[in-house]
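Note that our numbering has the sequence shown beginning at 303, numbered continuously upward. Data first, discussion second: the structure below is written as structure tokens.
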Amino acid sequence: MKPALKSGAVLRGLMVSEMKTPFLGALLDSIGMDFAILDQEHGSYGPDMLASLMAGFRNGRCQPIVRVPEIRRDAFLTPLELGASGVLVPRVETAVQARAIVDFCHYPPSGSRGVSMSRAHTRFSRVTATEYLPQANAEILIGVQIETAAALDALDDILSVDGIDMAFIGPSDLSVSCGISPKLTSPEMAAHVDAILAACKRHGKIGALQTTDWETALSLVPKGLNLISATTDLAALQYGMTAALTALETAPRAD
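Written as structure tokens, this is what we have:
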């Protein structure tokens, strides 16, 4: 998915934190989703459940990105070994953190990820390390979440780190950190979003956003927004069922 994003394509997907069916990947494929962010920060996915979910994405076009809970070596190793197309890291606030993330995700010489070849991430193929390691380093999508005032202050330092591919805007946490409205159309939030996307352009990074304000998100595409997480699994279920119940309000009810 990284080459598509780098070429300017706009990818659409969602954040998933509670769905636990191994058919999730096939379901999202059937409706044309480009990616799913499997959330280990706020969600309840342990290693075994993550392995089950990831297997369901194996043969489809919808790509799995894993949001890790924190910056810790094993937090990256498990999803990468299971075949994640990318990782998303919450609350990144310094270039030091950004460099540690790249180090944990990349094989030598650009990182220190341990080598174990006969696993899901290689599809259990007999590819050699000489062939595979450079390819894996080039293909893995590494995203950092810009969601605090401290991250805004260090924005250029963070995005100047080689190996960081994407800045993911989290309006909810950013609004709390900055004491402003989370609405993308509010003047303060709009200014921060514009600043982040401008920094992405300066440093050749991908701009990304979590939002249900789809109209505003589309207006940000010319400014450098290329990855839009347009809902969550829980929100989609709530909105879908609410719409169904509203449509059926006139139906007779049992006493």
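Glycine included, each C-beta is placed from N, C-alpha and C at the ideal position.
Assign residue i to one of two classes, buried (16 or more other C-beta atoms within 10 Å of its C-beta) or exposed (fewer than that).
| i | result |
| --- | --- |
| LYS503 | exposed |
| ALA456 | buried |
| MET491 | buried |
| PRO524 | exposed |
| ALA400 | buried |
| MET303 | buried |
| GLU321 | Going by the sequence as given, residue 321 is Met instead of Glu. With 16 or more Cβ atoms within 10 Å of its Cβ, MET321 is classed as buried. |
| GLU372 | exposed |
| MET247 | As displayed, the chain neither begins before 303 nor continues past 557, which places residue 247 out of reach and without an answer. |
| VAL417 | exposed |
| TYR409 | buried |
| ALA546 | exposed |
| GLN540 | exposed |
| ILE508 | buried |
| PHE426 | exposed |
| ILE333 | exposed |
| THR450 | buried |
| ASP467 | buried |
| ALA311 | exposed |
| ARG360 | exposed |
Are the C-beta atoms of residue i and some chain C residue less than 8 Å apart?
| i | result |
| --- | --- |
| CYS502 | Reference to chain C is not applicable here, since this structure consists of a single protein chain. |
For a test of the three-state rule: what should DSSP assign to residue i, helix, strand or coil?
| i | result |
| --- | --- |
| PRO366 | strand |
| ALA532 | strand |
| PHE470 | strand |
| ILE444 | strand |
| LEU486 | coil |
| LEU435 | helix |
| PRO527 | The identity of residue 527 in the sequence shown is Leu, whereas the question assumes Pro. Strand, per DSSP. |
| VAL429 | coil |
| ALA544 | Looking at the sequence shown, residue 544 is not Ala but Thr. It is helical. |
| HIS423 | helix |
| ARG401 | helix |
| GLU383 | helix |
Can you give me the start and stop residues for the alpha helix (DSSP H) that residue i sits inside?
| i | result |
| --- | --- |
| VAL495 | 489-505 |
| ILE508 | That residue, ILE508, is in no alpha helix (DSSP H); its beta strand (DSSP E) goes 508-512. |
| GLY372 | Looking at the sequence provided, one finds Glu at residue 372 rather than Gly. Per DSSP, GLU372 belongs to no alpha helix (DSSP H) and is neither H nor E. |
| ASP464 | Where ASP464 is concerned, there is no enclosing alpha helix (DSSP H), given that its DSSP letter is neither H nor E. |
| THR518 | 516-522 |
| SER332 | 326-332 |
| ALA353 | 349-357 |
| LYS308 | 304-308 |
| LEU454 | 451-455 |
In the DSSP assignment, find the unbroken beta strand (DSSP E) run with residue i in it and report its ends.
| i | result |
| --- | --- |
| ARG314 | 313-318 |
| GLY413 | Element bounds for GLY413: n/a, residue is neither H nor E. |
| PHE337 | 337-341 |
| LEU390 | 388-391 |
Compute the beta-carbon to beta-carbon distance between residue i and residue j, rounded to the nearest angstrom, for a pair I have assumed lies under 8 Å.
| i | j | result |
| --- | --- | --- |
| ALA510 | PHE470 | 4 Å |
| GLY358 | PRO324 | 5 Å |
| PRO473 | THR513 | 6 Å |
| ILE444 | VAL389 | 6 Å |
| ILE367 | SER387 | 6 Å |
| THR534 | SER319 | 7 Å |
| LEU340 | ARG369 | 7 Å |
| GLN447 | PRO392 | 5 Å |
| GLU384 | ALA422 | Looking at the sequence provided, one finds Leu at residue 384 rather than Glu. The pair is a contact, with the Cβ atoms about 5 Å apart (cut-off 8 Å). |
| THR396 | LEU352 | In fact, because the Cβ distance is near 27 Å, the residues do not count as touching under 8 Å. |
| LEU536 | LEU499 | Actually they are not in contact, since the Cβ atoms of LEU536 and LEU499 sit about 27 Å apart, beyond 8 Å. |
| ASP331 | CYS364 | 5 Å |
Is the beta carbon of residue i within less than 7 Å of some heavy atom of the ligand ADP?
| i | result |
| --- | --- |
| ILE333 | Of ligands this structure carries none, so the ligand ADP is not represented either. |
**Request:** Please confirm if the stretch 422-442 is in contact with the stretch 481-492, defined as three or more CB-CB distances below 8 Å between the two stretches.
**Result:** no
**Prompt:** Just checking, does the stretch 528-539 make contact with the stretch 304-319 on the three C-beta pairs under 8 Å criterion?
**Reply:** yes
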